[in-house]
Ligand SMILES: [Zn+2]
Ligand SMILES: [Zn+2]
């Protein structure tokens, strides 16, 4: 038997359940979960917001898609992974046969299953990952960093596509995704990195991750402050939205430099009202939407940054909990008093 955090009913909250350890199918990998991180989408599942019904096909399910662990069993047809390997989960499980999959875009598969959404996830002692979404990670990456490779991937791509070298960069929202966007901007040689948030604690973490300037957007004059800071470089060259706040995105077009790039990661269903002439055409603005990680290119790149020590995710891991403490963990994650909140199941077994 194993413990698992489950969504059992269409209402707020999760339950800690006991259920049998899943059996591996032919193409599955079973891992003993050693670290799993709470993502913004898990908070939506916790609260059971209207969005969830668009994503989740049936209850109950086990949430948690950012996870890493050690392989304890593999299916008959699994070839690339063996018992004892260290593995992290990719959320986007591709079908392998659709147009997107056949054109080197498995991360935007048309028949995508989502680990921790449409498939059971990793907030449990054991998790079943289809081989197509199981990533063997280097031994030297500890599990608690390994589970962050998934959320590192999107901000990594944002910085890559934003082409930030020598640029002025604004990162909207200093949650975990924004924090990684700041850290990667620094690694990729951005000159000015401005972190925006309403939460002072998160702004102080952003400083550690490499932000050169921090602005609390509760302040009335923050738009002027951004313009003043980037006056000498003609405005903000690269904006990365990790807030999912349509109002903040709309405002951001006012400080995007002509010829600038606006990378949108934060998800929202709110409409974004733009003036095509002023905001896009005359600005020659490039608006880039990113969804998921390139499989496995993005993983290879972020793994290298971890193994070389170029990136240190430790400042943004603010809390670690056992599965038993799930209520507290979600309360803290929802309050914004933490940044990345981790579950460490099987805490007392073996090394990290
Ligand atoms: Zn996530
Ligand atoms: Zn596909």
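Residue numbers (this note's numbering): 36 to 387. Glycine included, C-beta positions come from ideal geometry on N, C-alpha and C. Predicted model, so just to flag it, every value in this text is computed and none were measured.
(request) Could you spell out the range, first to last residue, of the beta strand (DSSP E) harbouring residue 376? (result) 375–378
(message) Which residues neighbour ligand 2 when neighbourhood means a C-beta less than 7 Å away from any of its non-hydrogen atoms? List them by chain order.
(response) 129, 130, 131, 132, 133, 135, 136, 141, 144, 145, 146, 147
(message) Within 10 Å of its beta-carbon, does residue 253 have 16 or more other beta-carbons around it, so buried, or fewer, so exposed?
(response) exposed
(message) Output needed for residue 284: all residues of its chain with C-beta closer than 6 Å, excluding positions within five of it in sequence on either side, in chain order.
(response) 276, 307
(message) Any residue with its C-beta under 7 Å from a non-hydrogen atom of ligand 1 counts. Can you list them all in chain order?
(response) 74, 75, 76, 100, 101, 126, 185, 186
(message) Would residue 169 and residue 64 qualify as a contact pair, given that the criterion is a beta-carbon distance under 8 Å?
(response) yes
(message) Quick check: does the Cβ of residue 81 come within less than 7 Å of any heavy atom belonging to ligand 3?
(response) With respect to ligand 3, the structure offers nothing, as its ligand set consists of ligand 1 and ligand 2.
(request) Figure out for me which residue from 114, 84, 87 has the closest Cα to the Cα of residue 62. (result) 114
(request) Give a yes or no on contact between the segment 283–302 and the segment 311–325, applying the rule of three or more CB pairs nearer than 8 Å. (result) yes
(request) Quick one: residues in its chain with C-beta nearer than 7 Å to the C-beta of residue 368, no 5 flanking neighbours on either side, listed in chain order? (result) 73, 78, 376
(message) I need the DSSP call for residue 272, collapsed to helix, strand or coil.
(response) strand
(request) Just grab the DSSP bridge partners of residue 321 for me. (result) 296
(message) I'd like to confirm the pairing. Which residues does DSSP put opposite residue 209 in its beta bridges?
(response) DSSP output for residue 209 lists no bridge partner at all.
(request) Name, in chain order, the residues that DSSP records as bridge partners for residue 41. (result) 50
(request) Keeping to the same chain, check which residues put their C-beta closer than 8 Å to that of residue 38; ignore five residues upstream and five downstream. (result) 51, 52, 53, 159, 160, 358, 359, 380
(request) Consult DSSP for residue 371 and reduce its assignment to one of helix, strand or coil. (result) coil
(message) For residue 109, count the other beta carbons within 10 Å of its own beta carbon; 16 or more makes it buried, fewer makes it exposed. Which is it?
(response) buried
(request) Could you pull the start and end residues of the beta strand (DSSP E) that residue 352 belongs to? (result) 352–356
(message) Can you check which of these residues, 249, 278, 43, 349, is closest to residue 82 by C-alpha distance?
(response) 43
(message) What does the alpha-carbon distance come out to for the pair residue 342 and residue 176?
(response) 6 Å
(request) Quick one: using the 10 Å Cβ neighbour count with 16 as the cut-off for buried, is residue 137 buried or exposed? (result) exposed
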